[in-house]
Amino acid sequence: MTDSEKTYLYSIGRNIAKLRRKQKLSQLDVCAEIKMEKSNLSAIENGRQNVSSLTLRKIADAIGVDVKDFFDFDKKS
Numbered sequence: 001m002t003d004s005e006k007t008y009l010y011s012i013g014r015n016i017a018k019l020r021r022k023q024k025l026s027q028l029d030v031c032a033e034i035k036m037e038k039s040n041l042s043a044i045e046n047g048r049q050n051v052s053s054l055t056l057r058k059i060a061d062a063i064g065v066d067v068k069d070f071f072d073f074d075k076k077s
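With full-length UniProt numbering applied, the sequence shown covers 1 to 77.
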């Protein structure tokens, strides 16, 4: 994996974590909702795991956001 690809996955993961925390949800809350192991969500949020589009949709639904919000790297908050 290239450095650029690692940065891209990390940026997506950070946005997922930021949006999850904004909704006051823990990783365990989201994992219980979507039937995922906490270690997998942690790996996604830390950019260590390439996530499928269907998993992104499940996470977005559990958090109450749109999938496209995970890709908004310019947002400040």
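Heads up, the beta-carbon is just placed ideally off N, CA and C, and yes, glycines get one too.
Same chain, Cβ closer than 7 angstroms to residue i, five either side skipped, listed in chain order
i	result
Gln23	Ile63 and Gly64
Glu37	Cys31
Asn50	Leu9
Host alpha helix (DSSP H) of residue i (start-end)
i	result
Thr55	Ser53 to Ile63
Lys18	Asp3 to Lys22
8 angstroms Cβ cutoff met for residue i and residue j
i	j	result
Phe70	Ile34	no
Same chain, Cβ closer than 6 angstroms to residue i, five either side skipped, listed in chain order
i	result
Ser39	none
Reference residue i; option with closest CA among the options
i	options	result
Val67	Leu25, Thr2 and Leu19	Leu19
Residues near residue i by beta carbon distance below 8 angstroms, same chain, minus five either side
i	result
Leu28	Lys38
Segment contact, 8 angstroms Cβ cut-off, at least three pairs: the region 30-46 with the region 9-20
yes
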